[in-house]
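Right, one structure below, let's go through it.
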């Protein structure tokens with residue numbers, strides 16, 4: 020792990036923030052390029068992306084305020100100390116983007132479909148920052164587990180334990196001592212997240228490239244929800260996170276909701292295609308808002 024990638028005097032570039040920014044930039048640039056090739060207004064994706072990104076940052080902080088009861092709006096740290104939640108950021112960004120596109124009179128589902136093609140790619144890049152910082156770590160596992168991770172203690176200029184969340188967690192539970200070289204082995208959940216993001220991106224890009232002219236607007240959004248929901252539920256089974264209702268994490272609960280939304284979206288899309296063939300357009304009140 021490497022929490023600070025570069026440092027020059029008092030100026031330091033944290034790995035977490037850098038890869039989050041890189042993921043956003045790559046996703047927005049790719050979405051803008053694809054949108055132009057499909058005849059959408061130049062810079063529409065970039066304008067929407069900037070609005071969505073700002074709303075996403077505010078949404079993650081608000082989520083953390085509500086559920087962790089912390090006062091960290093002005094902090095610029097990562098992981099569990101920065102108040103970052105992917106689901107909160109994604110939903111906040113979606114709402115802001117939807118409102119922006121509606122005010123501009125643009126085809127919301129068509130634009131959102133293009134964004135969602137590259138959302139998992141940006142997410143995967145951002146998870147590299149999690150890996151380098153050491154947050155979002157997994158539960159204890161055997162050292163022989165493939166790609167099992169061990170995190171070192173990170174000490175500040177005064178030799179005080181300052182970083183490596185997994186090391187601090189294991190130290191607090193009495194599993195290791197402050198003289199230990201590494202934490203105990205944990206599941207590589209950051210690698211799981213990176214791999215799942217790349218797999219989802221590959222599937223969505225293939226679907227969009229092959230059937231763009233035939234599929235209904237909103238298909239990519241629904242497909243993303245159906246793919247990401249189950250993968251996140253499985254990932255959380257191996258991740259060290261607080262449990263609610265006995266066994267579920269907050270992310271698993273939200274992932275289940277995301278999966279349900281995706282399934283409902285696919286049902287609506289399928290029914291709209293069948294009804295359209297009969298000459299009637301269903302759910303006109305929905306299309307009037309997001310069409």
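Residue numbers (our numbering): 20 to 310. For every residue, glycine included, the Cβ atom is placed at its ideal position computed from N, Cα and C.
Asked: Test item: CB-CB of residue 152 and residue 34 under 8 Å; Found: yes
Asked: Sequence-distant residues of the same chain with beta carbon closer than 6 Å to residue 271, five excluded per side; Found: 252 and 255
Asked: Residue 81 versus 172, 107 and 69, residue with shortest Cα-Cα distance; Found: 107
Asked: Exposure label - residue 27; buried when at least 16 CB within 10 Å; Found: exposed
Asked: Where the alpha helix (DSSP H) through residue 184 begins and ends; Found: 184-191
Asked: Which residues DSSP lists as bridging residue 120, in chain order; Found: Residue 120 pairs with nothing; no bridge assigned.
Asked: Residues bridged to residue 25 [DSSP beta-bridge criterion]; Found: 32
Asked: 8 Å Cβ cutoff met for residue 206 and residue 158; Found: yes
Asked: Residue 20 versus residue 38: straight-line alpha-carbon distance, rounded; Found: 13 Å
Asked: Proximal residues to residue 282 (C-beta, below 7 Å), its chain only, five neighbours per side dropped; Found: 245
Asked: Sequence-distant residues of its chain with Cβ nearer than 7 Å to residue 42 (five each side left out); Found: 141, 142, 144 and 145
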